[in-house]
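Structure, as structure tokens:
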């Protein structure tokens, strides 16, 4: 499963309802995966959202640096 288009919640300053909706959509996508989930982020577009960075620091997901093109 590929998840794309997660905005940087720190910069966009969403309302509480928008933040809940975005996180719910992310959860829905992740919970439907059959085998593997890969989330790709671009440093030029703000990098990984805070919620994903927190999950990495808590050992819930792994971060892997891709190749620079």
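In full-length UniProt numbering, the protein residues as written are 1 to 69.
Glycine included, every Cβ here is placed at the ideal spot set by N, Cα and C.
All figures in this text were calculated on a predicted structure; none of them were measured in a lab.
Let's see if you can read the secondary structure: which residues bound the alpha helix (DSSP H) around residue i?
| i | result |
| --- | --- |
| residue 24 | 16 to 31 |
| residue 81 | Any property of residue 81 remains undetermined from this structure, which presents the chain solely from 1 to 69. |
So, under 8 Å CB-CB, residue i and residue j are touching, yes? Tell me the CB distance rounded to an integer number of Å.
| i | j | result |
| --- | --- | --- |
| residue 51 | residue 23 | 6 Å |
| residue 76 | residue 37 | The first residue shown for the chain is 1 and the last is 69, placing residue 76 beyond what the model contains. |
| residue 48 | residue 41 | 5 Å |
Judging by CA-CA distance, which residue of the options is the nearest neighbour of residue i?
| i | options | result |
| --- | --- | --- |
| residue 66 | 39, 35, 19 | 39 |
At least one CB of chain D closer than 7 Å to the CB of residue i: is that the case?
| i | result |
| --- | --- |
| residue 50 | The structure shown has no chain D; it contains just one protein chain. |
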